[in-house]
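Trainee: Numbers in this note's numbering are just positions in the sequence shown, counted from 1, shifted up by 47. Yeah, the Cβ is synthetic: ideal placement off N, Cα and C, and Gly gets one too.
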Amino acid sequence: MSRYYAVHHNLESHFKGRVNLYGLLTKRLIHKRCLGEKLYNEGLSAPAAAEKIQAVYRDSLCPKKKKKKKKKKKKKKKKKKKKKKKKKKKKKKKKKKKKKKKKKKKKKKKKKKKKKGPKGITTARDLRELAFPNWEHKH
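Structure, rendered in structure tokens:
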């Protein structure tokens, strides 16, 4: 097993208990390869790298609670007895002309301005800039 894979794998397992970074990894906001590659280049161990990244995350993100899924109960189908229907003769109805209604103009609601608070980490770039200031993007 290569060192790259080992660091990559250890980091992933290290974060399983910590929702915030691992959640972002699964949402593909941060590519696992990018993190693994950076760690490999810097020669950090997984716990050290985890601490470095976690320090950035601690102040800006809160771990989200997972919602429990409700189990659906299966309903038993009841057998219905078939009833014979009597045929009814249809009466022809005369069509009435509809009157056109005037449309009322809707008033535009004013949008409330959101208060700008301290900015958290929203993208992979934000994380990289904070965790690794001297980041060089390699293709």
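(1) Quick check: what's the CA-CA separation for residue 154 versus residue 147?
(2) If we count the other Cβ atoms within 10 Å of its Cβ and call it buried at 16 or more, is residue 96 buried or exposed?
(3) Taking the alpha helix (DSSP H) that residue 183 belongs to, which residues open and close that run?
(4) Count the other CB atoms within 10 Å of the CB of residue 175; is the residue buried (16 or more) or exposed (fewer)?
(5) Taking only the alpha-carbon atoms, compute the straight-line gap between residue 151 and residue 145 and give it to the nearest angstrom.
Mentor: According to the structure shown:
(1) 22 Å
(2) buried
(3) First-last for residue 183: undefined, no H or E at that position.
(4) By the neighbour-count rule (16 or more Cβ atoms within 10 Å), residue 175 is buried.
(5) 18 Å
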